[in-house]
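Colleague: Below you'll find the structure I mean.
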Amino acid sequence: MSSADAVARLRPFVPADAPAVARRVRESLAQLSPWMPWATPEYGEPEAAAFIASTATGRTHEFAIEVEGELAGACGLNTIDHSTRRANLGYWIATPRSGRGYVSRSVRALVDWTFAETDFERLEIVVGVGNEPSQRVAERVGAIREGVLERRVWVRSLPGVEPTLESAILYSLVRPRP
């Protein structure tokens, strides 16, 4: 995977990342938990290790976002459908690193890598209607807003409250035609 830029880079996860992933998730619960129901106060090294192990199966393409030598978040392809050459593109960044363009640059690098190195034709970004920072990332990387999907994503309205299915915006990026 190529670098996102001189400061932020994408790299494969390694087992030794589990403590940093767990720490970054826990320190970012207020930002992550509403949109990522797996981000709970109980998220720890065992959950991070299981996530990292799952990235080695080949069923996803997940990468660590590293900023100034430290793990800062993740960016990857999941919910892969090889029959239609489509994947979901997801991302998150630790709160202390948010708002600095690291995610946008990392997503752009992942999109470029995907269309250069894989046979995927379409990437989809599904963003909760209220998740404006994530919507801005999708728009910055040139994703096309296709519409609103009713009851598509789990959203936690308050800490400790069970998530409910809420509306999401579907964005897409497609491989440029030759």
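Per the working numbering: the sequence shown = residues 19 to 196.
Heads up, the beta-carbon is just placed ideally off N, CA and C, and yes, glycines get one too.
If we call anything under 8 Å between Cβ atoms a contact, is Arg96 one with Val144?
Modeller: As written in the sequence, residue 96 is Asn, which differs from the Arg given in the question. No, the Cβ-Cβ distance between Asn96 and Val144 is not below 8 Å.
Colleague: By the three-class DSSP mapping on this structure, what secondary structure does Ala134 have?
Modeller: helix
Colleague: Quick one, are the C-beta atoms of Ala112 and Ala90 less than 8 Å apart?
Modeller: yes
Colleague: Starting from the N-terminal side, write out each stretch of the beta strand (DSSP E) that is 3 residues or longer and does not extend beyond the region 65–95.
Modeller: 79–85
Colleague: Kindly indicate which residue of Arg158, Arg41, Glu84, Thr182 has the alpha-carbon position closest to the one of Met54.
Modeller: For the residues Arg158, Arg41, Glu84, Thr182, the minimum Cα distance to Met54 belongs to Thr182.
Colleague: So Val39 is in the alpha helix (DSSP H); what residue range does that whole segment cover?
Modeller: 36–45
Colleague: Compute the distance between the beta-carbons of Arg170 and Ser185, then report whether it is under 8 Å.
Modeller: yes
Colleague: Please name the residue, chosen from Glu65, Gly117, Val25, Pro33, that lies closest to Glu150 on a Cα-to-Cα basis.
Modeller: Gly117
Colleague: Along the alpha helix (DSSP H) that carries Arg154, what are the first and last residues, could you check?
Modeller: 150–158
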